[in-house]
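Read the structure below first, then the notes.
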Amino acid sequence: MMVVVVVVSMIMGYAWHFFFSGRETMRHTVSQSQIQLDTRLFLDNLEIEMASCYAFSEVDTANKKFAFYAFTFTPPHLDDVLYDTTGTPHSTGKDSNSALSMVKYEYQWQTDGTVLKKRTPGLLKFLQEPMNFTESTPTDVRYSTMQKTVLRDIADFEVKAYSQKMQRDGETLNPVIAPVTADKINEAAFIVLRIHTKIDEGSEKRRDEELDIVTKFYSSVKLAEVANPGHFSSTDSDGRF
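Per the working numbering, the very first residue in the sequence shown carries number 2; after that it's consecutive.
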């Protein structure tokens with residue numbers, strides 16, 4: 002009887018060990034998959050917004066936040082940009098009232114580990130220096146004012162801005178990339194964003210769920226300026242209509 006009890010106890014012990022170990026592995030796998038899914042959805046949505054990015058309005062590395070202006074799918078007619086309501090052409094100076102229908106996106110990391118997204122529709126007076134953005138009625142309900150949490154369990158949220166220009170070396174044009182300071186944010190062509198997601202299991206000493214991703218996002222307008230130096234359009238911030 003004693004031998005049977007010992008053998009059965011050992012077998013039951015191994016069975017419980019394998020059961021709880023398998024359950025913990027499954028829990029970890031599901032949690033890790035959820036982290037990857039949430040981050041992928043966030044990056045996909047941000048990529049769509051950045052595809053219509055006109056310019057960056059702020060990149061604050063120290064406070065872990067950035068913001069940019071993006072075109073909407075229903076922009077105003079060019080006449081509304083170049084002329085006032087009486088048909089008089091706007092000036093092309095730094096006091097110009099020429100405005101583009103835009104939506105401003107803002108992303109900021111919070112101390113509780115979440116990332117807050119804010120969307121504001123408005124008009125961007127793109128020739129003024131600095132550019133002047135004022136909130137207005139959206140051209141489409143898809144761009145109405147909104148604020149929500151888009152990421153959770155974020156241990157670190159790093160963002161840096163860079164400029165990119167073409168430098169001629171004989172017959173060859175080479176890209177020159179340099180960091181951009183806050184006072185020259187209008188020169189930024191792209192940002193580099195690092196998202197470090199981590200769930201700390203604490204004193205239970207379980208395996209942590211962790212994901213670290215670094216991605217580059219370009220402003221479509223700035224990229225066009227870099228790729229086609231010397232060209233201009235009616236929405237250039239230098240006013241060369």
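Heads up, the beta-carbon is just placed ideally off N, CA and C, and yes, glycines get one too.
The beta strand (DSSP E) enclosing residue i, as first and last residue numbers
| i | result |
| --- | --- |
| SER102 | 101-110 |
| VAL151 | 147-152 |
| ALA71 | 66-72 |
Supposed contact pair residue j and residue i - C-beta distance, whole angstroms, cut 8 Å
| i | j | result |
| --- | --- | --- |
| ALA52 | SER221 | 6 Å |
| PHE134 | LYS105 | 6 Å |
| GLU159 | THR62 | 7 Å |
| CYS54 | ALA71 | 5 Å |
| SER97 | THR73 | 21 Å between Cβ atoms; not a contact. |
| ILE155 | TRP110 | 6 Å |
| PHE218 | ILE192 | 5 Å |
Beta-carbon proximity list for residue i, same chain, < 7 Å, skipping 5 on both sides
| i | result |
| --- | --- |
| SER145 | PRO122, PRO139 |
| ARG41 | none |
Residues that DSSP places opposite residue i in a beta bridge
| i | result |
| --- | --- |
| ASP157 | HIS197 |
| TYR55 | Answer is none; TYR55 lacks a bridge partner. |
| PRO90 | TYR84 |
| ASP61 | LYS66 |
| ASP141 | Note: ASP141 sits in no beta bridge, so no partner. |
| LYS118 | TYR108, LYS149 |
| ILE192 | ALA162, PHE218 |
| MET167 | PRO176 |
| LEU42 | None, per the DSSP bridge assignment. |
| GLU136 | GLY123 |
N- and C-terminal bounds of the alpha helix (DSSP H) containing residue i
| i | result |
| --- | --- |
| ASP213 | Careful: ASP213 lies outside any alpha helix (DSSP H), inside the beta strand (DSSP E) at 210-219. |
| VAL181 | Careful: VAL181 lies outside any alpha helix (DSSP H) and carries neither H nor E. |
| LEU128 | Neither: LEU128 is in no alpha helix (DSSP H) and is coded neither H nor E. |
| VAL82 | 79-83 |
Same chain, Cβ closer than 6 Å to residue i, neighbours up to 5 away in sequence not counted
| i | result |
| --- | --- |
| THR115 | THR150, ARG153 |
| VAL5 | none |
Test item: CB-CB of residue i and residue j under 9 Å
| i | j | result |
| --- | --- | --- |
| ALA100 | LEU79 | no |
| ASP213 | ILE186 | no |
| ALA162 | PRO176 | no |
| ALA190 | GLU226 | yes |
| THR50 | GLU107 | For the record, residue 50 in the displayed sequence is Glu; it is not Thr. For GLU50 and GLU107, no; Cβs fall outside 9 Å. |
| GLN148 | LYS118 | yes |
| SER235 | VAL142 | no |
| SER238 | LEU128 | yes |
| GLU130 | SER164 | no |
| LEU194 | THR216 | yes |
| ASP45 | THR198 | no |
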